[in-house]
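> Residue numbers are given in the working numbering: position 353 of the sequence shown equals residue 334, and the series is strictly consecutive. Backbone N, C-alpha and C define an ideal beta-carbon position, used for all residues, glycine too. Just so you know, these numbers come straight off a predicted model, no measurement behind them.
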Amino acid sequence: MSFDPLGLTPELTNAVAALGYVEPTPIQAQAIPLVLEGRDVVGCAQTGTGKTAAFVLPAFQRIPAEGVLRILVVSPTRELAQQIEVFSTAVAAHTGHRVLAALGGVPIDPQTAALKKGVDMLVATPGRLLDLVNRKAADLGRVEILVLDEADRMLDMGFWPDVRRILAQLPHKRQTLLFSATMAPEVLRIVNKNLVDPVRVDVAPTGTPIEAIHQALYPVDDSQKVDLMVALMKAHGDFDRTLVFTRTKQRADAVVSALERAGVKATAMHSDRSQEQRTKALERFRDGRIRVLVATDVMSRGIDVDDISHVVNYDVPNSPEDYVHRIGRTARAGASGTAFTFVSIMEFPDLDAIEMLIDSEIPVEELEGFPYRERAVPRAGRLTARKKRRAFGGRVMGRRRGRR
Ligand code: AMP
């Protein structure tokens, strides 16, 4: 199928062709005609499905380029907002729309100045947007199309109170498009409250079918995770472009230091780093100057990098969906991909939830020659006997020792 039957103007189909897109992705094929009709749309889709074009293209068709703020896109992270801006600006070169990304963490004055000159589309993170509204730099009173991108992530990150304040500034009569990777009950509540007679479009991630990924579980004491990470990288020569996920920023920094000490170029991507540092890190990761990018989940959605050879779950994610999102970054487009998950004794309950969701058991592997410390078994026998056998093999297990 080509873009032709979707009802886009020649200007926009040209823009799409110039970007090298030949066929619409499933979400584009489904959502574009609905958005053009003016319907409210709920898209259950994650990054990588082509959702950005699914709202930008029809929004530009509906809204003439007049330098009046009529399209508002709210995004949870700066990286995502930037990606939307980059795509929109490329399309706008064909349509004449003016696009501004208003990100937090960078000076506000250039943003205020740009708004004064007039923009058609504003892409913003919630905090900065509210700041601009409070300074009367952004007038949302004429917005006709609102896009809430990654609504589930905005909830997770605690942005909803800000978003609610933003919603209060918008005209009631408008078109609302909401995208979310999951349709948790809170997301559905938001949909019911803020969208009118919405059409739901569900898209399975174009990412990777989970079966295509080589998954392995590495049970290890938390105190040895850093060493295991370094040892694994040394043992396997094929860690070309590796994404490591940690629970906290501190842990991300610890992994980076250990890898750098071992001579592996690595960098961390988390909210303590400046916008510039993050953009640079992504660039260097993309062009292969650094092999390992260590990120927390909050940051990870914005990382749109192909050719990831390995995903390492240094910490087991709390939400099972995050596991699927994380490992779906590898083995794209038929390439091979590996996902390693380090699991300490405390993380087995989270692992259970993951295995339930993916409906299979992740096979246990062990790094030969690694000086595993005796891995402690939880006191109350939280693990089933089966899990214990899987995790700890025939090893003789003592009671948890008083010290590491
Ligand atoms: P998104 O989910 O919007 O972040 O898009 C994910 C990636 O897919 C981006 O790198 C886009 O440039 C790319 N993409 C989006 N739509 C298409 C398409 N129809 N054909 C080829 N690539 C696309």
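Which of helix, strand or coil does DSSP assign to residue 42?
Residue mapping note: residue 42 aligns to position 61 of the sequence shown, counting from 1. DSSP places residue 42 in helix when its eight states are reduced to three.
> Roughly how many angstroms separate the alpha carbons of residue 288 and residue 68, rounded to a whole number?
Residue 288 sits at position 307 when you count from the first residue of the sequence shown. Residue 68 sits at position 87 when you count from the first residue of the sequence shown. Distance between the alpha carbons of residue 288 and residue 68: 20 Å.
> Name the two residues that bound the continuous beta strand (DSSP E) containing residue 24.
Within the sequence shown, the letter at position 43 stands for residue 24. Its beta strand (DSSP E) spans residues 22 to 25.
> CA-CA distance, residue 154 and residue 120?
What you label residue 154 is simply residue 173 of the sequence shown in a count that begins at 1. What you label residue 120 is simply residue 139 of the sequence shown in a count that begins at 1. Going by the C-alpha atoms only, they are around 16 Å apart.
> From which residue to which residue does the beta strand (DSSP E) around residue 160 run?
For this step, residue 160 is matched to residue 179 along the sequence shown. Looking at the DSSP string, the run of the beta strand (DSSP E) that includes residue 160 is 156 to 161.
> Whose C-alpha, out of 319, 318 and 333, is nearest the C-alpha of residue 325?
To locate residue 325, count along the sequence shown from 1; it is residue 344. Among 319, 318 and 333, the Cα nearest to that of residue 325 belongs to 333.
> Classify residue 244 as buried or exposed, calling it buried when 16 or more other Cβ atoms lie within 10 Å of its own Cβ.
Taking the sequence shown and counting its residues from 1, one reaches residue 244 at position 263. Exposed.
> Does DSSP put residue 348 in a helix, a strand or coil?
Along the sequence shown, read from residue 1 onward, the residue named residue 348 stands at position 367. Residue 348 falls in the coil class under three-state DSSP.
> Any beta carbon from chain C within less than 7 Å of residue 149's own beta carbon?
Among the protein chains of the structure shown there is no chain C, as only one such chain exists.
> Could you have a look at residue -6 and say whether DSSP puts it in helix, strand or coil?
In the sequence shown, residue -6 corresponds to position 13, counting from 1. Three-state result, residue -6: helix.
> Which residue's Cα is closest to the Cα of residue 300: -9, 38 and 133?
Numbered from its first residue, the sequence shown carries residue 300 at position 319. Comparing Cα-Cα distances from residue 300 to each of -9, 38 and 133, the minimum goes to 133.
> For residue -16 and residue 341, what's the separation of their Cα atoms in angstroms?
Counting from one through the sequence shown, the residue named residue -16 turns up at place 3. Counting from one through the sequence shown, the residue named residue 341 turns up at place 360. Roughly 38 Å separates the two Cα atoms.
> Give me the Cα-Cα distance between residue 310 and residue 140, rounded to the nearest whole angstrom.
Position 329 of the sequence shown, counted from the start, is the residue given in the question as residue 310. Position 159 of the sequence shown, counted from the start, is the residue given in the question as residue 140. In a straight line, the C-alpha of residue 310 is about 25 Å away from that of residue 140.
> How many angstroms separate the CA atom of residue 266 from the CA atom of residue 225?
Numbered from its first residue, the sequence shown carries residue 266 at position 285. Numbered from its first residue, the sequence shown carries residue 225 at position 244. Distance between the alpha carbons of residue 266 and residue 225: 12 Å.
> For residue 276, report the span of its alpha helix (DSSP H) as first-last.
If you number the sequence shown from 1, residue 276 lands on position 295. Note, residue 276: premise wrong, no alpha helix (DSSP H); beta strand (DSSP E) at 273 to 277.
> What's the call for residue 116, buried or exposed, on a 16-neighbour Cβ count within 10 Å?
Looking up residue 116 in the sequence shown gives position 135. The residue in question, residue 116, is exposed, as its Cβ has fewer than 16 Cβ neighbours within 10 Å.
> Give the single residue among 75, 96 and 72 whose Cα lies nearest to the Cα of residue 82.
By one-based count along the sequence shown, residue 82 stands at place 101. Of the listed residues, the one whose Cα sits closest to residue 82 is 96.
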